[in-house]
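Residue numbers (the working numbering): 43 to 583.
C-beta atoms are modelled at their ideal positions from N, C-alpha and C, and glycine is treated no differently.
Every value quoted in this text rests on a predicted model; they were computed, and no experiment measured them.
Heads up, the thing below is written out as structure tokens.
Okay, here's the thing in structure tokens:
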């Protein structure tokens with residue numbers, strides 16, 4: 043999939059909205075997105091080409107009810123939308139038109155106005171073709187109408203719903219109707235309309251300034267689901283805390299809400315407000331051929347119960363590299379080596395490594411980490427550890443050396459040395475490189491990282507993942523930090539290693555605008571720029 047640079051660069055404002063897709067819901071969620079609120083969000087066609095949405099909701103028909111009708115698509119070229127609608131529908135994506143919105147001039151003052159609006163919707167946007175009615179999208183036909191009624195009274199919207207539903211289409215079914223109500227139950231503006239029972243879906247906005255509601259989103263969703271058991275009830279979510287205080291970050295979203303409702307019969311999926319911040323999903327969560335941000339790596343192995351298997355990480359199609367963490371017992375006692383992957387079944391990892399490699403995903407094993415028992419007290423210990431890594435995880439096959447991953451061989455070794463001294467890691471690097479092993483390093487942000495300085499001085503580590511977190515002084519100037527590393531190691535590719543959520547490192551997490559405008563826009567085209575490494579798989583898609 044090829045996004046033009048124009049589309050993906052603004053999307054970098056939301057680089058970490060990719061987290062939303064990160065919490066597993068068995069891969070069966072439907073995902074809808076609101077489109078049309080930002081002229082620079084990309085076209086409707088581009089939104090559909092991401093492959094991440096089942097539904098796109100065009101917003102808004104914002105003037106109706108008084109004999110006048112008008113669309114507000116924030117400056118998008120309306121002449122192109124008709125062809126884009128057809129393109130989306132050919133891909134199996136439902137396209138809805140949302141009426142109302144948070145501004146505009148609309149109401150239904152009478153039964154007659156409800157009938158008139160229904161007639162206009164049918165002939166201007168749906169399957170009707172009455173002569174004299176202007177069709178803004180040409181002969182394209184939207185699949186249904188979404189009620190986003192955010193002002194005025196709720197009178198006569200029930201009549202509008204019944205009238206629209208009565209029209210039907212060429213399959214003998216009524217017009218598809220959905221609603222996007224406010225979070226608090228009931229929403230008086232759409233209560234009468236929903237009481238008709240003709241709405242297939244309800245997108246409950248878990249945002250919008252209702253603190254009582256957004257403080258208890260599970261209870262809110264359950265009220266809506268219980269009240270309308272025949273409708274699919276969606277979670278309406280904002281993509282960023284910058285959009286609304288009601289933003290639910292990935293961990294609370296999953297652990298306080300999704301994990302409890304995902305198996306309910308009328309759980310529908312997620313509806314995202316809005317497409318400007320969701321274009322990033324198409325860029326970062328696209329197959330690894332998308333090239334605007336460079337390759338994408340993810341650290342895996344720190345969360346057995348929640349991050350999924352290594353195979354599942356590779357099957358997302360989003361990563362060029364998966365880094366298994368950690369080989370974290372070595373060097374202290376000769377012959378004592380340990381792997382900590384947080385309880386994941388080690389016996390399954392070998393087959394998953396082969397599966398990942400068959401998909402072109404590089405698999406590295408990271409040594410060290412933020413705990414464990416490791417050091418290299420001598421040259422002999424460096425030689426011993428190199429020997430163990432070679433025969434236990436790489437291409438060696440010396441008899442008597444256990445291979446935790448069976449006959450699977452990782453593609454290389456990542457040095458994530460976060461404790462102890464720096465001595466002898468340069469010797470370890472030379473020993474491994476002499477056997478043709480790919481070597482990378484995951485360093486602390488502040489330059490230089492004393493624990494890895496000697497190893498990096500060998501010039502044998504082809505990639506450096508610089509952790510842009512964990513050091514407040516450094517993360518205040520991330521561009522300066524990256525440039526220091528890139529200048530010091532011009533023969534290595536220097537990556538941005540980023541936390542995926544402020545909950546992982548509140549001081550080190552970079553908000554979307556800061557990431558793009560403060561760092562990415564200046565380094566994307568630098569020859570030393572390598573890509574983005576996400577810490578970690580728990581919060582990454």
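Check: Nearest candidate by alpha-carbon position, reference residue 220, set 342, 402 and 206; Outcome: 206
Check: Under 7 Å between C-beta atoms of residue 356 and residue 280; Outcome: no
Check: Secondary structure of residue 392, DSSP reduced to three states; Outcome: helix
Check: Touch test, the segment 105-123 against the segment 149-165, Cβ-Cβ under 8 Å, three pairs minimum; Outcome: yes
Check: Residue closest to residue 178, alpha-carbon to alpha-carbon, out of 228, 190, 103 and 201; Outcome: 103
Check: For residue 483 and residue 516, believed in contact at Cβ under 8 Å, the rounded distance; Outcome: That belief does not hold up - the Cβ atoms of residue 516 and residue 483 are roughly 16 Å apart, past 8 Å.
Check: Spatial distance of residue 196 from residue 235 (CA atoms); Outcome: 8 Å
Check: Residues near residue 528 by beta carbon distance below 8 Å, same chain, minus five either side; Outcome: 536, 565, 568, 570 and 571
Check: Identified DSSP bridge partners for residue 312; Outcome: 73 and 277
Check: Simplified DSSP assignment, three categories, for residue 68; Outcome: With a pLDDT of 38 at residue 68, under the threshold of 50, the modelled position of that residue is not reliable, and the figure given next carries that caveat. Residue state, collapsed to three classes: coil.
Check: Residue range of the unbroken beta strand (DSSP E) whose run includes residue 571; Outcome: 571-577
Check: Test item: CB-CB of residue 346 and residue 408 under 7 Å; Outcome: no
Check: Residue 36 to residue 393 span [Cα, whole Å]; Outcome: Outside the modelled stretch of the chain, which goes from 43 to 583, sits residue 36, for which no answer is possible.
Check: Top-ranked residue by Cα proximity to residue 480, from 453, 531 and 492; Outcome: 453
Check: Simplified DSSP state of residue 325, which is helix, strand or coil; Outcome: At residue 325 the pLDDT is 38, less than 50, meaning the model places this residue with poor confidence; the figure from the coordinates comes in the next sentence. It is helical.
Check: Status (buried if at least 16 other CB within 10 Å, exposed otherwise) for residue 267; Outcome: buried
Check: Distance, residue 265 Cα to residue 542 Cα; Outcome: 31 Å
Check: Per DSSP, the bridge partner or partners of residue 236; Outcome: DSSP output for residue 236 lists no bridge partner at all.
Check: Inter-stretch contact (C-beta, 8 Å, three-pair minimum) for the segment 171-188 and the segment 131-151; Outcome: yes
Check: Of the listed residues 415, 456 and 81, nearest to residue 380 (C-alpha basis); Outcome: 415
Check: Inter-residue CB distance, residue 575 and residue 507 (contact presumed, cutoff 8 Å); Outcome: 4 Å
Check: Residue 560 versus residue 522 - alpha carbon distance; Outcome: 10 Å
Check: Pair within 7 Å by beta-carbon distance, residue 123 and residue 86; Outcome: yes
Check: Beta bridge counterpart(s) of residue 509 as assigned by DSSP; Outcome: 539
Check: Residue environment, residue 176, which counts as buried when at least 16 other CB atoms sit within 10 Å; Outcome: exposed
Check: Outcome for residue 144 when other beta-carbon atoms lying within 10 angstroms are tallied against a minimum of 16; Outcome: exposed
Check: Pairwise C-alpha distance: residue 271 and residue 200; Outcome: 18 Å
Check: N- and C-terminal bounds of the alpha helix (DSSP H) containing residue 247; Outcome: No alpha helix (DSSP H) contains residue 247, which is instead part of the beta strand (DSSP E) from 243-247.
Check: Nearest residue (CA-CA) to residue 449, options 434, 458, 460 and 182; Outcome: 434
Check: Residue 131 - containing alpha helix (DSSP H), residue span; Outcome: 120-132
Check: Span separating the alpha-carbon of residue 438 from that of residue 336; Outcome: 32 Å
Check: CB contact below 7 Å: residue 495 versus chain B; Outcome: Of the protein chains in this structure there is only one, and it is not chain B.
Check: Those runs of the alpha helix (DSSP H) which lie wholly inside the segment 135-167 and span at least 4 residues; Outcome: 153-166
Check: Endpoints, the beta strand (DSSP E) within which residue 473 is located; Outcome: Counting along the chain, residue 473 falls outside any beta strand (DSSP E), though it belongs to the alpha helix (DSSP H) covering 467-475.
Check: C-alpha gap between residue 504 and residue 227, whole angstroms; Outcome: 56 Å
Check: Residue 459 - partner residues in DSSP beta bridges; Outcome: 411
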